[in-house]
Every structure is written in C-alpha cells, then in structure tokens.
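This report refers to the structure that appears directly beneath it.
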Amino acid sequence: MEKTNNTIISKGTKQHIGESKDFNATQNLLFQRAMFGLSIYSESKIKSMNYMKRKRIIKVHKKTQHLLNMWKQELLIELTNNFFEKYFKSSPITKALLDNFDSPDPSFRCTLSNKSLHLSKKEIAMRLCAEGILPQDFFNPHTLKTIKHENRILS
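According to numbering that gives the first Met the number 0, the sequence shown is numbered sequentially starting from 0.
This is the structure we're talking about:
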C-alpha cells in the first residue's frame with residue numbers, strides 16, 4: 000500500500016481521504032479508520048500518535064473486520080441456500096447443505112469483495128452504526144463533531 004498526499008493506492012485502486020460523494024470529511028475519516036485501521040496513516044503520523052489512540056484504532060478495525068466477515072458469510076449463505084433451493088430442490092446434497100450450513104463460521108475468512116456482494120459504503124456504515132462501531136449520529140453531519148487535531152490530509 001502506497002500513500003501519496005491525500006491518496007491511498009491499494010491493489011490498483013485509489014482512495015481519496017476526506018473526499019467522498021456519500022460522506023463529508025469527518026464521516027469519511029471515521030469510516031476509513033474503522034475499515035482500514037492504521038493503514039490510512041503514514042509511518043510518521045503513527046509514530047507521533049498516542050499509544051492509546053493507536054490501540055483504540057486497532058481495536059475498532061479488528062471489530063469492524065470481524066463484523067464484516069460474519070455479515071459477508073451470512074449474505075453468502077443466504078445466496079447459496081436460495082440458489083440450491085431454486086435449482087436443486089429435491090437433491091439430498093441440497094438438504095444436507097441447508098441443514099448443516101445455516102450460520103457463519105468465525106474461523107473462516109470470507110474474501111469476497113463488498114462490490115461482489117453488492118454492499119455499498121452507506122450500507123456498511125449503517126451496519127457499523129447499528130453495531131455501535133460508528134457513532135449513532137454518523138449520518139447527521141450537523142451533530143457529528145469534527146475530530147480535533149486531525150489533518151484532512153493524513154500524511
């Protein structure tokens with residue numbers, strides 16, 4: 000992952016920190032920190048950060064990744080169950096799959112992208128708010144306070 004000014008270049012895509020058509024700069028920063036953790040910051044910014052702040056960002060990031068993994072598995076289970084019920088209704092394999100695979104496995108890491116599961120940034124943020132990872136007033140930019148001592152350009 001390479002950082003340039005206010006852009007993160009990862010796997011051939013560019014993400015602009017503080018710029019989003021869905022979120023304002025504060026919302027985007029909170030969302031980016033939850034999704035990507037410390038990787039949105041440069042090494043010098045991480046070193047100058049308070050230990051407790053780093054620890055808090057890592058904790059929120061891990062919780063977010065766990066939540067997303069379980070949610071993706073739930074969606075995948077629902078999609079596959081619907082597929083097998085529709086096309087292979089009377090098959091014994093379908094019955095076995097439906098009986099045995101009805102809940103997500105925390106030890107399995109779902110590597111499907113958000114895009115392939117049709118998860119939008121707004122849907123993910125709504126789920127993170129519902130789980131208490133993002134603040135409840137996340138979607139109200141007037142009540143969401145700006146984060147003090149943060150630069151819009153995270154370099």
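All C-beta atoms, glycine included, are put in the ideal place defined by N, C-alpha and C.
All figures in this text were calculated on a predicted structure; none of them were measured in a lab.
If I follow the unbroken alpha helix (DSSP H) through CYS128, where does it start and stop?
That run of the alpha helix (DSSP H) goes 120-129.
Just list the alpha helix (DSSP H) runs in the region 17-86, keeping only unbroken ones of 4 residues or longer that don't cross its boundaries, in chain order.
Counting only runs of 4 or more, we get 24-35, 42-47 and 50-86.
Is the beta carbon of LEU127 closer than 8 Å to that of LYS71?
No, they are not a contact pair.
Using a 10 Å radius around the Cβ and a threshold of 16 neighbouring Cβ atoms, would you call MET51 buried or exposed?
Exposed, by the Cβ-count rule.
Under DSSP, the alpha helix (DSSP H) around LYS94 begins and ends at which residues?
Start and end: 91-99.
Report yes if the C-beta distance between ILE57 and ARG32 is below 8 Å; otherwise report no.
Cβ distance not < 8 Å, so ILE57 and ARG32 don't count as in contact.
In terms of alpha-carbon separation, which member of ALA129, ALA95 and ASN68 lies closest to THR110?
Checking every option, the nearest Cα to that of THR110 belongs to ASN68.
Express the C-alpha separation of ILE76 and PHE100 in angstroms, rounding to a whole number.
The alpha-carbon atoms of PHE100 and ILE76 are separated by roughly 7 Å.
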